[in-house]
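Peer 1: Residue numbers (this note's numbering): 27 to 498.
Glycine included, each C-beta is placed from N, C-alpha and C at the ideal position.
Predicted model only: the values in this text are computed from it and were never measured.
In structure tokens form, the structure reads like this:
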């Protein structure tokens with residue numbers, strides 16, 4: 027059952043869903059958000075925000091999408107409890123009942139500005155951080171965890187599996203997301219009580235893992251192989267990946283899409299690591315007064331950042347200096363971008379560069395063009411996909427991220443129009459949809475994309491309120 031669930035939900039199956047527009051749709055949009063009695067968690071602050079923003083959205087379909095998508099993580103994916111006197115929150119991705127360090131952070135991220143108005147919401151997010159700490163202490167190399175010790179279909183993977191793990195793909199971004207959530211929670215709330223001995227132990231393990239995967243003295247302890255017909259689900263080089271030359275960059279065996287890297291130095295994830303290490307240093311210095319560890323984090327961030335500038339920026343014959351997607355330190359590099367975050371498109375969103383940075387602007391032009399092999403333009407939309415679900419499949423996440431990293435009102439408006447026309451009448455965002463047929467999509471329930479759409483709508487409400495007054 028676990029295998030069937032996983033394959034259909036996340037890997038290779040593309041299901042086709044058809045929505046029939048009729049009189050009922052023209053008069054009122056169907057109720058796709060679960061009823062209050064069925065919701066896993068209810069937040070007064072979030073519900074009041076939804077009500078207020080909805081009232082400012084003239085386009086009824088966009089208003090319906092916001093109402094359905096923004097609370098989806100709270101409605102259906104969170105499981106809150108108290109463990110050992112501490113908040114504990116397990117967050118599934120949607121149709122996969124496991125918790126990814128990346129996804130769970132991204133799913134609750136847009137709710138952080140509202141915790142001052144809702145103590146229960148604050149406690150819920152504190153519980154996510156506590157659960158992340160617990161997960162890292164189990165295994166810093168795992169990307170996805172079970173709620174308890176249920177085991178997984180992937181127990182046969184050639185790696186050090188444990189019953190608490192759903193999957194053990196080493197993805198550098200997962201640990202970065204944990205730091206991102208802890209740092210922002212502290213910044214928003216001023217609450218440093220979560221930074222206890224266990225949190226500190228986990229952060230020490232994070233830095234240790236980063237350094238191991240710099241591979242300064244050998245490949246390190248991690249390797250991964252899987253018996254599979256899907257080549258992106260396993261790794262090269264007997265599980266250690268393709269060779270790299272030591273540069274100071276950090277190896278990541280898998281991308282945020284859960285696909286295997288070709289060249290292990292994944293540049294967007296290394297950029298994210300630079301930001302995360304500096305955030306961790308700030309907490310260490312200002313809260314924990316651990317100056318030595320703070321300096322260690324800054325020093326590592328500087329090494330990685332210097333290596334990005336030396337090895338991760340290449341000269342493109344058309345666009346000039348741009349960021350490569352992956353490199354190996356030997357002079358080989360991969361020119362593409364993937365929809366999942368971190369991505370090259372998302373670098374300002376993650377805080378690595380400003381949107382006006384010249385190299386980023388060159389890169390942005392490249393990734394949103396036909397020169398990016400995973401950029402698709404069709405009858406209904408244009409956007410970025412990736413090898414995870416194959417050719418001609420656009421991820422709504424890429425359209426949302428384009429808008430979130432744009433300073434152009436017309437560009438943001440264009441993205442809203444594309445998102446409105448490609449949800450296939452379901453009221454939710456999906457993992458991906460076919461560029462010429464939005465009714466052909468993957469993952470009917472992908473909570474990260476739903477919450478990210480809500481984040482975009484809040485940004486539009488704040489920065490471009492006149493766009494909400496239009497009907498598209």
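For the structure I just gave you, are there three or more beta carbon pairs, one from the region 346-356 and one from the region 282-298, closer than 8 angstroms?
Peer 2: By the criterion of at least three beta-carbon pairs nearer than 8 angstroms, the region 346-356 is in contact with the region 282-298.
Peer 1: Between residue 472 and residue 459, is the Cβ-Cβ spacing less than 8 angstroms?
Peer 2: no
Peer 1: Helix, strand or coil for residue 480, going by three-state DSSP, please let me know.
Peer 2: Three-state DSSP puts residue 480 in a helix.
Peer 1: Among 183, 69, 222 and 90, which residue has its Cα nearest to the Cα of residue 483?
Peer 2: That would be 90, whose Cα lies nearest to the Cα of residue 483.
Peer 1: Should residue 448 and residue 406 be called a contact, given that it needs their Cβ atoms to be closer than 8 angstroms?
Peer 2: yes
Peer 1: Which parts of the region 211-284 are runs of the alpha helix (DSSP H), unbroken and 4 residues or longer, counting only runs that do not cross its ends?
Peer 2: 223-238
Peer 1: When the Cβ atoms of the region 325-341 are set against those of the region 260-280, are three or more pairs found closer than 8 angstroms?
Peer 2: Yes, since at least three Cβ pairs between the region 325-341 and the region 260-280 fall closer than 8 angstroms, the two stretches touch.
Peer 1: So, under 8 angstroms CB-CB, residue 266 and residue 196 are touching, yes? Tell me the CB distance rounded to an integer number of Å.
Peer 2: Between residue 196 and residue 266 the Cβ distance is about 11 angstroms, and since that is not below 8 angstroms, they are no contact.
Peer 1: Using a Cβ distance threshold of 8 angstroms, determine whether the region 97-112 contacts the region 144-159, with at least three qualifying pairs required.
Peer 2: yes
Peer 1: Distance check for residue 173 and residue 216, CA to CA, integer angstroms please.
Peer 2: 29 angstroms
Peer 1: Going by beta-carbon coordinates alone, are residue 170 and residue 109 separated by less than 8 angstroms?
Peer 2: One thing to note: residue 170 has its Cβ no nearer than 8 angstroms to the Cβ of residue 109.
Peer 1: Between residue 183 and the rest of its own chain, which residues show a CB-CB distance below 6 angstroms, the 5 nearest in sequence each way excluded?
Peer 2: 252
Peer 1: Whose C-alpha, out of 423, 432, 486 and 435, is nearest the C-alpha of residue 457?
Peer 2: 423
Peer 1: Would residue 208 and residue 198 qualify as a contact pair, given that the criterion is a beta-carbon distance under 8 angstroms?
Peer 2: no
Peer 1: Helix, strand or coil, according to DSSP, for residue 195 in the structure here?
Peer 2: Of the three classes helix, strand and coil, the one that applies to residue 195 here is coil, per DSSP.
Peer 1: Is there contact here, the region 393-405 with the region 360-376, by at least three beta-carbon pairs under 8 angstroms?
Peer 2: yes
Peer 1: Would you mind stating whether residue 69 and residue 146 have Cβ atoms separated by less than 8 angstroms?
Peer 2: Result yes, Cβ atoms of residue 69 and residue 146 sit closer than 8 angstroms.
Peer 1: Just to confirm the assignment: which complete alpha helix (DSSP H) runs, minimum length 4, are found wholly within the region 354-411?
Peer 2: Complete alpha helix (DSSP H) runs here, min 4: 384-393.
Peer 1: Put residue 460 into one of helix, strand or coil per three-state DSSP.
Peer 2: strand
Peer 1: Is it buried or exposed for residue 500, if we count other Cβ within 10 angstroms and need 16 for buried?
Peer 2: This structure cannot settle anything about residue 500, because the visible part of the chain is limited to 27 through 498.
Peer 1: Can you find at least 3 beta carbon pairs, one from the region 292-305 and one from the region 316-332, that sit closer than 8 angstroms?
Peer 2: yes
Peer 1: Identify every residue that forms a DSSP beta bridge with residue 106.
Peer 2: Beta-bridge pairing links residue 106 to 115.
Peer 1: Residue 490 to residue 433, Cα distance in whole Å?
Peer 2: The alpha-carbon atoms of residue 490 and residue 433 are separated by roughly 10 angstroms.
Peer 1: State the Cα-Cα distance for the pair residue 357 and residue 270, rounded to the nearest angstrom.
Peer 2: Residue 357 and residue 270 have their C-alpha atoms some 10 angstroms from each other.
Peer 1: Rounded C-beta distance between residue 218 and residue 159? I'm assuming under 8 angstroms.
Peer 2: Not confirmed; about 14 angstroms, so no contact.
Peer 1: Bridge partners of residue 291, per DSSP?
Peer 2: Bridge partners of residue 291: 353.
Peer 1: Indicate whether residue 166 and residue 235 have their beta-carbon atoms separated by less than 8 angstroms.
Peer 2: yes
Peer 1: For my contact list, residue 366 and residue 436 are in at a C-beta cut-off of 8 angstroms; report their separation, rounded to the angstrom.
Peer 2: Rounded, the Cβ-Cβ distance is 26 angstroms, inconsistent with contact.
Peer 1: Helix, strand or coil for residue 497? Go by DSSP, reduced to three states.
Peer 2: coil
Peer 1: Have a look at the DSSP bridge pairing and note the partners of residue 126.
Peer 2: 170
Peer 1: How is residue 156 classed by DSSP in three states: helix, strand or coil?
Peer 2: helix
Peer 1: If you check the beta carbons only, do residue 281 and residue 364 fall under 8 angstroms apart?
Peer 2: yes
Peer 1: Counting C-beta neighbours from all protein chains within 10 Å, is the total for residue 257 16 or more, i.e. buried, or is it exposed?
Peer 2: Exposed, because fewer than 16 other Cβ atoms sit within 10 Å of the Cβ of residue 257.
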